[in-house]
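Numbered per my numbering, the sequence shown finishes at 66, counting up by one with no gaps.
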Amino acid sequence: MHSKDLEASAKKIAKSLNLDLEVIQTSLKPNSSETEMREERYKHLLSNLKKDEVLPHRP
């Protein structure tokens, strides 16, 4: 479920911080577990990052 109020709040905060904001839609099954929701969000986030947006991994 997409919250228009949450999206509007996020856009307002981003604008006040002079940041660009891209809303990434995800689709989840009803009653998904917290782990399933988190995995879905990360999958979409990582697939939308540009190379310079990813922090380098240091062993």
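Note that CB positions come from ideal geometry on N, CA and C, so glycine has one too. Small disclaimer: the values here were computed from a predicted structure and weren't measured.
8 Å Cβ cutoff met for residue 31 and residue 52: yes
If you draw a straight line from the C-alpha of residue 35 to the C-alpha of residue 61, how long is it? Put simply, the backbone Cα of residue 35 is about 25 Å away from that of residue 61.
Presumed contact (8 Å Cβ cut-off) between residue 33 and residue 48, rounded CB distance: About 6 Å separates the CB atoms of residue 33 and residue 48; that is less than 8 Å, so the two are in contact.
For residue 41, three-class secondary structure by DSSP: helix
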